[in-house]
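Q: Quick one: structure below, then a few questions.
Numbering (this note's numbering), first residue to last: 14 to 572.
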């Protein structure tokens with residue numbers, strides 16, 4: 014009996030000793046590693062043949078450490094704190110415009126509606142020459158961006174060169190607190206179907222969605238709603254929970270997190286009275302829908318509250334938190350994984366498993382597990398959210414990508430805006446055949462050159478043939494092929510006329526109706542919208558998809 018008591022008393026003590034010993038081993042490893050690092054850094058800094066930048070060396074070391082873990086960890090120096098705050102809140106002090114790098118000077122790529130820049134008269138396409146009295150020629154975009162931002166109510170003067178004007182133009186105004194809406198557009202896409210585009214999950218995003226929904230309900234007799242999260246990279250987890258709360262009952266589990274530290278283990282439930290728990294919902298997603306977007310789509314799917322339409326989502330099931338560091342710097346790091354109501358984690362990549370080259374891979378389907386929705390439908394973990402109706406979004410053609418990437422469409426839209434004071438409403442605007450022909454004439458005016466994929470492959474073939482000394486054997490045929498390519502260099506551009514027309518229309522509409530107009534123009538004739546309307550218009554199909562006997566549907570087209 015005494016031996017049993019001794020044993021019972023000894024086990025906890027032994028466990029405590031083991032845990033302390035293990036902690037000391039870990040603590041020793043950390044201390045040892047830090048001591049080696051400090052000694053290494055000191056020796057490097059003192060004895061390296063050239064002068065070194067201590068801050069830059071430390072930054073490179075920190076970035077390398079974080080990169081070895083996963084791509085969502087980030088060291089944020091003091092000068093980038095404002096950027097982090099904007100990503101979180103959607104607010105900053107400035108003029109309300111996006112700028113991009115130009116040849117010598119930055120160009121205004123987009124002006125926000127009703128912003129100080131808009132009210133002052135600045136336009137998309139304006140080339141910025143000076144900020145206050147400082148020439149910005151040759152300055153990097155992030156440098157110019159810092160010059161433009163500042164405390165609200167502070168003075169700002171900008172000198173620009175505008176298309177069609179021989180003289181530079183100067184605009185002086187005050188900076189304001191800029192809020193970039195998470196809901197760039199909402200409206201009706203049919204007689205009784207509402208539509209809300211959600212671009213990100215910044216602070217109060219849920220309030221914007223709720224306001225848009227109530228606005229649609231008050232003005233129109235909507236019987237169905239489409240929530241569009243395509244291209245939405247995510248944001249604040251709490252805002253995702255609140256958006257789900259708008260359409261499900263109070264006290265429903267939406268997501269829970271698990272981390273190494275207990276304080277990061279949390280459950281997130283709906284806490285408020287919902288706006289509508291009965292209206293049929295369609296949620297649109299694509300391969301760029303990530304994080305908070307996946308929480309919303311996944312929770313709706315697990316609770317059988319909405320039909321998900323689109324592409325398999327990105328698969329980011331990791332949660333980041335920011336930790337304060339000395340000298341007003343911060344560390345954004347992964348602290349937990351999140352799990353949606355069925356119990357699944359949708360993380361698609363295992364960063365702990367790397368090949369000999371350090372590359373990570375997707376979690377194979379064979380290692381994924383099956384889970385059940387509330388109605389008993391089968392869903393799986395480890396690979397993003399798989400939509401109930403899969404629709405493969407057409408990819409931009411190579412020709413269209415080149416025109417977009419080289420800002421050819423942007424520059425032509427600037428020219429078009431200069432020549433036309435007004436255009437039709439975004440959902441009605443359409444370029445005429447003559448106007449499209451004018452665009453192709455514009456390509457000739459600027460001596461636009463285009464290397465088709467066929468030409469690229471041909472040149473690679475010629476290069477390989479020269480290396481293997483085979484070219485003389487078929488030089489005559491090679492010359493004939495080159496002649497055909499030279500005579501038809503722009504044929505691929507002409508072949509994509511309808512695609513280029515649509516992209517041009519969106520770019521042009523943005524000059525007159527801003528971000529809201531671009532979205533409205535983009536969803537006209539959007540096939541995925543038509544598919545969604547078909548589902549909402551067929552109550553039997555809608556309910557069957559959400560029943561346990563449903564099977565995943567696949568539609569879509571390649572382009």
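Just so you know, even glycine gets a beta-carbon here, dropped at the ideal spot from N, CA and C.
Using the Cα positions of residue 34 and residue 42, report the straight-line distance between them to the nearest angstrom.
A: Residue confidence is low: residue 34 scores 47 on pLDDT, short of 50, so the model does not pin down where it sits. No coordinate-derived value is stated.
Q: To the nearest angstrom, how far is it from the Cα of residue 387 to the Cα of residue 129?
A: Cα to Cα, the separation comes out at about 49 angstroms.
Q: Compare the C-alpha of residue 354 against each of 115, 254, 344 and name the closest.
A: Nearest option by C-alpha distance: 254.
Q: Hey, how far is the Cα of residue 207 from the Cα of residue 295?
A: Computed Cα separation, rounded: 10 angstroms.
Q: Quick one: residues in its chain with C-beta nearer than 6 angstroms to the C-beta of residue 329, no 5 flanking neighbours on either side, listed in chain order?
A: Correct list, in chain order: 303, 304.
Q: Just verifying my parser: in three-state terms, what is the DSSP assignment at residue 559?
A: In the structure shown, residue 559 sits in coil (DSSP, three-state: anything other than H, G, I, E or B).
Q: For residue 553, count neighbouring C-beta atoms within 10 Å of its own C-beta (all shown protein chains included) and say buried if the count is 16 or more, exposed if not.
A: With fewer than 16 Cβ atoms within 10 Å of its Cβ, residue 553 is classed as exposed.
Q: Classify residue 283: buried if its beta carbon has 16 or more other beta carbons within 10 angstroms, exposed otherwise.
A: Flag for residue 283 reads buried.
Q: When burial is assigned at 16 or more other CB atoms within 10 Å of the CB, is residue 430 buried or exposed?
A: Label assigned to residue 430: buried.
Q: Whose C-alpha, out of 392, 407, 301, is nearest the C-alpha of residue 401?
A: When each option's Cα is compared against that of residue 401, the closest is 392.
Q: Measure the beta-carbon distance from residue 596 to residue 350 and round it to whole angstroms, keeping in mind my assumption that it falls under 8 angstroms.
A: This structure gives no information on residue 596, because the portion of the chain shown stretches from 14 to 572.
Q: How many Å lie between residue 116 and residue 518 at the Cα?
A: Their backbone Cα atoms lie some 25 angstroms apart in a straight line.
Q: Just to confirm the assignment, what range does the beta strand (DSSP E) spanning residue 201 have?
A: Unbroken beta strand (DSSP E) run through residue 201: 198-203.
Q: Taking the alpha helix (DSSP H) that residue 102 falls in, what are its first and last residues?
A: Here the alpha helix (DSSP H) through residue 102 covers 94-102.
Q: Would you mind reading off the limits of the beta strand (DSSP E) that contains residue 337?
A: It spans 331-338 - the beta strand (DSSP E) in which residue 337 sits, taken as one unbroken run.
Q: The alpha helix (DSSP H) with residue 72 in it runs from where to where?
A: It spans 67-80 - the alpha helix (DSSP H) in which residue 72 sits, taken as one unbroken run.
Q: In whole angstroms, give me the CA-to-CA distance for residue 536 and residue 458.
A: Using only the alpha carbons, I get a separation of about 32 angstroms.
Q: Under a Cβ-count criterion, where at least 16 other Cβ atoms within 10 Å of its own Cβ denotes burial, should residue 548 be classed as buried or exposed?
A: Answer is buried; the Cβ neighbour count reaches 16.
Q: What does residue 174 pair with, by DSSP beta-bridge criteria?
A: Paired residue(s): 140.
Q: Given that a residue counts as buried once 16 or more other Cβ atoms are within 10 Å of its Cβ, and exposed if not, what is residue 229?
A: The residue is buried, with at least 16 neighbouring Cβ atoms inside 10 Å.
Q: Who are the near neighbours of residue 358 in its chain, counting only those whose CB is closer than 6 angstroms to its CB and skipping five residues on each side?
A: So the qualifying residues of the chain are 330, 350, 352, 394.
Q: Give the straight-line distance between the Cα atoms of residue 276 and residue 74, rounded to the nearest whole angstrom.
A: Cα to Cα, residue 276 sits roughly 28 angstroms from residue 74.
Q: For residue 507, which of helix, strand or coil comes out of DSSP?
A: Helix at residue 507.
Q: Cutting at 8 angstroms between CB atoms, please list the residues of its own chain near residue 2, excluding the five before and the five after it.
A: Only positions 14 to 572 of the chain appear in the structure, and residue 2 is not among them; the question remains open.
Q: Below 6 angstroms CB to CB, which residues in the same chain sit around residue 22 once its five sequence neighbours on both sides are set aside?
A: Note that residue 22 has pLDDT 38, beneath the 50 cutoff, so the model's placement of it is unreliable and the number below is only indicative. Within the same chain, residue 22 has no close Cβ partners at all.
Q: Taking 6 angstroms as the limit between beta carbons, can you name the residues of its chain near residue 145, skipping five residues before and five after?
A: Around residue 145: 170.
Q: In chain order, what residues of the same chain have a beta carbon less than 6 angstroms from the beta carbon of residue 219, not counting five sequence neighbours either side?
A: Cβ neighbours of residue 219 beyond the five flanking positions: 252, 255, 256.
Q: Is residue 35 helix, strand or coil when you go by DSSP?
A: At residue 35, the pLDDT of 47 sits below 50, so the modelled position is not reliable; the number obtained from the coordinates is stated separately. Helix at residue 35.
Q: DSSP state of residue 214, grouped into three classes?
A: Of the three classes helix, strand and coil, the one that applies to residue 214 here is strand, per DSSP.
Q: So what's residue 437 in DSSP terms, helix, strand or just coil?
A: Here residue 437 sits in coil by DSSP.
Q: Check residue 254 in the structure and name its three-state DSSP category.
A: Residue state, collapsed to three classes: helix.
Q: Which value, in whole angstroms, describes the spacing of the CA atoms of residue 322 and residue 452?
A: In a straight line, the C-alpha of residue 322 is about 35 angstroms away from that of residue 452.
Q: Kindly identify the DSSP beta-bridge partner or partners of residue 540.
A: DSSP lists no partner for residue 540.
Q: Distance check for residue 308 and residue 241, CA to CA, integer angstroms please.
A: Spanning the two alpha carbons is a distance of roughly 14 angstroms.
Q: Quick one: which unbroken alpha helix (DSSP H) runs of 4-plus residues sit fully inside the segment 265-344? Chain order, please.
A: Listed in chain order, they are 305-315.
Q: If the criterion is Cβ atoms closer than 8 angstroms, does the pair residue 516 and residue 422 meet it?
A: Against a cut-off of 8 angstroms, the Cβ pair of residue 422 and residue 516 comes out as a contact.
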